[in-house]
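Going line by line, the protein sequences match chains R, D, B, U and S.
Be aware that the first sequence starts at 5, since it is given in our numbering, and climbs by one per residue.
Be aware that the second sequence starts at 5, since it is given in our numbering, and climbs by one per residue.
Be aware that the third sequence starts at 641, since it is given in our numbering, and climbs by one per residue.
Be aware that the fourth sequence starts at 641, since it is given in our numbering, and climbs by one per residue.
Be aware that the fifth sequence starts at -2, since it is given in our numbering, and climbs by one per residue.
Idealized CB from N, CA, C, for every residue including glycine.
A quick note: this is a predicted structure, and the numbers were derived from the prediction, not measured.
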Amino acid sequence: MEWTPIWLSLKLAAITTLILLVTGIPMAYWLSRRGSLLKVIIEAILTMPLVLPPSVLGFYLLLSFSPNSILGKWLLEYFNISLVFSFEGLVVASVIYSLPFMVSPVKSALAHLPASLAEASYTMGKSKFETFCRVLLPNIKSSLWTAVVLTFAHTLGEFGVVLMIGGKLEGVTKVASIAIYDAVDNNQYHEANLYSLVLFAITFVIVILVFIFNRNSLKGPLE
Amino acid sequence: MEWTPIWLSLKLAAITTLILLVTGIPMAYWLSRRGSLLKVIIEAILTMPLVLPPSVLGFYLLLSFSPNSILGKWLLEYFNISLVFSFEGLVVASVIYSLPFMVSPVKSALAHLPASLAEASYTMGKSKFETFCRVLLPNIKSSLWTAVVLTFAHTLGEFGVVLMIGGKLEGVTKVASIAIYDAVDNNQYHEANLYSLVLFAITFVIVILVFIFNRNSLKGPLE
Amino acid sequence: MIEIAIDKKIKTYMGYNRLRVEDVFPVSSVTKVYGPSGIGKTTFLKIIAGLITPDRGIIKVAGQTWLDTQKKINLPPQERKAGFVFQDYALFPNMTALEHLRYATQDHQLVSRLLRAGKMETFAGHRPHQLSGGQQQRLAILRALAQRPKLLLMDEAFSAMDDELRETLITDLKILLKEFGTTTIIVSHHAQETLGFADRSLKID
Amino acid sequence: MIEIAIDKKIKTYMGYNRLRVEDVFPVSSVTKVYGPSGIGKTTFLKIIAGLITPDRGIIKVAGQTWLDTQKKINLPPQERKAGFVFQDYALFPNMTALEHLRYATQDHQLVSRLLRAGKMETFAGHRPHQLSGGQQQRLAILRALAQRPKLLLMDEAFSAMDDELRETLITDLKILLKEFGTTTIIVSHHAQETLGFADRSLKID
Amino acid sequence: RVAVAANAQFVLRKLAGDFRKRTGITVEVISGASGKLTAQIKNGAPYDIFLSADMDFAQSIYADGFALNQPKVYALGSLIVCSSTGADVKNWKSYISSKTPGKIAIATPKLAPYGKAAEEALNHYNLYQAATGRLVFAESISQVNTYVLKGAVNIGFTTQSLVYELDPLQQFQWQKVDPSAYAPIRQGAVMLKYSKNKNFVNNKRFFDYLFSAGAKAIFKKFGYTTT
Ligand SMILES: Nc1ncnc2c1ncn2[C@@H]1O[C@H](COP(=O)(O)OP(=O)(O)OP(=O)(O)O)[C@@H](O)[C@H]1O
Ligand SMILES: Nc1ncnc2c1ncn2[C@@H]1O[C@H](COP(=O)(O)OP(=O)(O)OP(=O)(O)O)[C@@H](O)[C@H]1O
Ligand SMILES: [Mg+2]
Ligand SMILES: [Mg+2]
């Protein structure tokens, strides 16, 4: 067993989760405000990548990122970035694929908050941004952590998309999920079990810590 | 293009979502009540299937359900049920795999509800069950629908697990995600696009309807 | 007759406070409970309703023991069925006013009687967030009455109403309470508020 | 000087109600607003604060136009910075009492003065759900004052306090309001509540 | 039901069609990676015949007692180099050694016999060193095909049968790799124990058909050699 794939997986999951925190939460906020039918449609579209089998999603991403495609050519020429067979590509794919797991729970939680919280903050002269960060978000902490855990775990387990656009490059795109898959396919069950266990153990500890941290932030009873 | 795989997929997703509604929501309720560290650990364990690449999870499920295993043998002898290479098996696997998408958002939303709602209902002589159904659940509708949509979409796109323990049996376990994957694998891109489009279109309509329905149930402003 | 004797330590950020109450409430009486803010009046009502358990105590209602910490008897709130008007109303955001009352009782005639008494007929279809403060408070009172409680616990139940409204409401309440044979305990800050309603009083401090 | 003239249709389940108010509030005055429950008092305060837009109207505060529906001027609540004591408090569940005040102001000295005035020193570390009704209401008042508002809007701000507590609080409030030069509008049901506080009154109906 | 390694699924469908014309018996084709199919068969998959991409998987099934017969070689595959981006595949060796930037796709050697063969061929010509850094590993031979056909890589090593599956309009260049550069890709077939449950006669007929002259002609037509 090697440690590089595990390390790569954790890095991929952490970066993806981080990016989704930064982009997904504002998106969730925007979606949670009442709006036109357009918002409903956008929300539905965000959910669509889930419906495809990951490897097929990977196939479509391959088509759009490959150096033959307009997008791929443009990225390569102007930024010298290739999203196929590169770690950056995996990050972009994971972000697209895990987006709804970050956005949806946060959006719903925001929709359940009473309007008066934000109103009170506005009358105190606080901007929408400050209100969001200091009043709204802290009051949906539990949902926020849930979203983070789901996104992180889901990215770790992601495999079909990564397999398609990653190309199993040692130390670059060969993440743990692919190493496990290869081991199973190759009848190296012992190695697969080992990888799975390590991945389990690490994630388990992370998730438990997040949950304990989150639990303590929940309200206590009178006693 | 054939319709059977699409129909099978929708059936699988619908049954899985239904089972998860019935089992996952009580579980979410139980987890949302304060409790010992045990609950935290159980919640973390529920998340673990996500961490594995689906086909590897499928492999472990195959090992535990196969007629060679103790569980598989027992199910076969006493109930005449085989969970490998059968539609029932797909349902069980999908339920395990999609569980956190149903449980987590609902649990967080319940945790955010003020305790006084349930208390008021209890003093009215209402049982925990009735309170849960008529007071708590209706007040987290948005999160509930989110969970349903995520679960449904995720089950539709599920592929690795299904492939492993289902085995592409025409009309039994060959769901749409597998048909699409096969088409891509066979260079039948036109067919793959067709399948994807149909799956998209159907899901899109379902999701949009759910969201519109949900949106109307949200609170309106004074105007 | 309702006998209550309880003792509970209330945790505050800076140590503990002791809440100790002992009293006997005659059947159908209306007792006003008062005392400084934060002393434990709301806590006292919640203990009676079974929402908080005291460290020590006995509660007996009409011969039935609701709570006896020594004998380890502690009926859940569902079996006590005390009508409770919460200080913050605790209305159900998902239900209209009418649905609140229907949730409490099947008796449609009682429901219309209550809506009329609370002047809430025209707001029957409103959800709590579409109601003004005084309307919400009235709904909380009506909901508590709808279950024909043997014991009614009211926490600052008239604070959002003006004098006139309160007085007409009290007139109707008295008729209903007599009909149901309800014993009432009401927490109130304003002497005037319970004038002509309470017939005895209890100070907590 | 604050000039207000507004007109808003209020939708109720059974048709419309018309809320029409016109008045001029002298600087540093305390005006009591009263009227039957559900008439639109809370709505009136929210319109002044910029949380609800009326159909027609003008609001001018110290020469500055906050709202003019004809000229399409409508300052957002953030620029109006009216201190608002909400009828249901609208406290932030995630913040302790101290954090509420610190959120409103950086002035640590003012924060301690306010905590003292509200007798909330020992509860500085409590979150809203750990406070009694009266404590919550005091916190809502202190929070609104912490931003040294030019205009203070109080919606039933004393309803959960007993007479004694209210009177001492009002004494302290008056000093602060004079210091800040704040004009106050307070909605109140009880004549007695604003005795010695309000110097003018306005009836809505 | 016939479970077939992904690389041979196309030809098998043709065979199934031909078999049906001859006998009227329909054959259900289930394709997948050989490793995955092997795991499934060992855990109760309802398949009658297994056509592996190599001998090892077939052998392991026989060794574990899930097969009725020793694996028989039904075809020998041949390896090609191909491109859809106009790379000069005729001189693929110099193309690789010249270190032009384009990516090269091969199937994962551990999992797929064609990947192993490609690796052997690269080593045979001492090109592996030059290729590292540009090599991309695909899950299966089908994925190599996807990479090549969609232009995600410049050249790829795949099965010759791909050539016969293509849309004639597709821009595509290919070149056979000299069979002496890699060990022969022997694909083995077994009849599975499961086939005795139902229709054993028909199953047996199809299995025998695979080794008939008619079937061999079809294998040949799709770029396989037979023994
Ligand atoms: N969850 C809690 N954690 C810690 N202290 C609490 C909690 N809930 C209430 N308290 C404290 O318990 C005390 C009693 O509260 P209670 O609500 O019973 O007072 P009260 O007499 O009803 O006051 P008021 O008239 O202001 O409503 C208060 O000092 C309050 O700060
Ligand atoms: N979201 C809403 N949708 C429909 N009607 C509403 C909504 N919010 C408030 N109303 C109605 O508007 C009217 C005015 O409400 P408002 O809260 O201003 O009354 P108020 O004068 O403050 O009464 P109170 O003294 O009871 O607090 C009420 O009749 C109420 O039912
Ligand atoms: Mg209280
Ligand atoms: Mg009001």
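C-beta contact flag for residue i and residue j at 7 Å
i       : j       : result
L691(B) : E134(D) : no
G71(R)  : L80(R)  : Per the sequence shown, the amino acid found at residue 71(R) is Pro instead of Gly. It is a contact, given that the beta carbons lie within the stated cut-off.
G226(S) : N151(S) : Limits of chain S in this structure are -2 at one end and 224 at the other, which puts residue 226(S) out of reach.
I646(U) : I687(U) : yes
G773(U) : A800(U) : yes
L791(U) : T762(U) : no
A180(R) : L201(R) : no
P104(R) : L54(R)  : yes
L119(S) : A109(S) : no
F154(S) : I103(S) : yes
D795(U) : V670(U) : no
G723(U) : A797(U) : no
P68(S)  : G185(S) : yes
F63(S)  : L189(S) : yes
Cut-off 8 Å between Cβ atoms - residues of its own chain near residue i, not counting five sequence neighbours on either side
i       : result
L173(D) : F89
L141(R) : I29 and L148
Y199(D) : M5, P9, I10, A180, A183, I184 and A187
Member of the options whose CA lies at the smallest distance from the CA of residue i
i       : options                               : result
L154(D) : T8(R), I216(R) and V107(R)            : V107(R)
D812(B) : E719(B), I781(B), P733(B) and A722(B) : I781(B)
L213(D) : S36(R), M5(R), V44(R) and L25(R)      : V44(R)
T745(U) : G678(U), P789(U) and F726(U)          : P789(U)
I642(U) : V664(U), L731(U), L792(U) and L685(U) : V664(U)
S131(R) : E719(U), V670(U), D708(U) and H740(U) : E719(U)
A84(S)  : Q170(S), P43(S) and S49(S)            : Q170(S)
N88(S)  : F208(S), A0(S) and Q172(S)            : Q172(S)
S80(S)  : I93(S), K213(S), L73(S) and P43(S)    : I93(S)
T159(D) : S102(D), Y193(D), G76(D) and F69(D)   : S102(D)
L163(S) : K147(S), A178(S) and D175(S)          : K147(S)
K681(B) : T808(B), N714(B) and F726(B)          : F726(B)
DSSP state of residue i mapped onto helix, strand, coil
i       : result
Q775(U) : helix
I85(D)  : coil
I22(S)  : coil
F665(B) : strand
K649(B) : strand
F204(S) : helix
R840(U) : strand
G703(B) : coil
F47(S)  : strand
Q172(S) : strand
L79(R)  : helix
R131(S) : coil
I679(B) : coil
L56(R)  : coil
D747(U) : coil
Sequence-distant residues of the same chain with beta carbon closer than 6 Å to residue i, five excluded per side
i       : result
A97(D)  : L65, V165 and I169
V139(R) : L121 and S125
K648(B) : L659, P694 and D695
F219(S) : V8, S158 and Y161
Chain-order list of residues whose beta-carbon lies under 7 Å from that of residue i (same chain, five-residue window excluded)
i       : result
H766(B) : T736 and A737
E92(D)  : I85
T20(S)  : R202
Worksheet item: In chain order, what residues place their C-beta within less than 6 Å of a heavy atom belonging to ligand 3?
Response: K681(B), T682(B), Q727(B), D795(B), S772(U) and G773(U)
Fill in: Members of the region 30 to 45 of chain R that neighbour chain A once the beta carbon cut-off is set at 8 Å
The question asks about chain A, but that chain is absent: this structure's protein chains are R, D, B, U and S.
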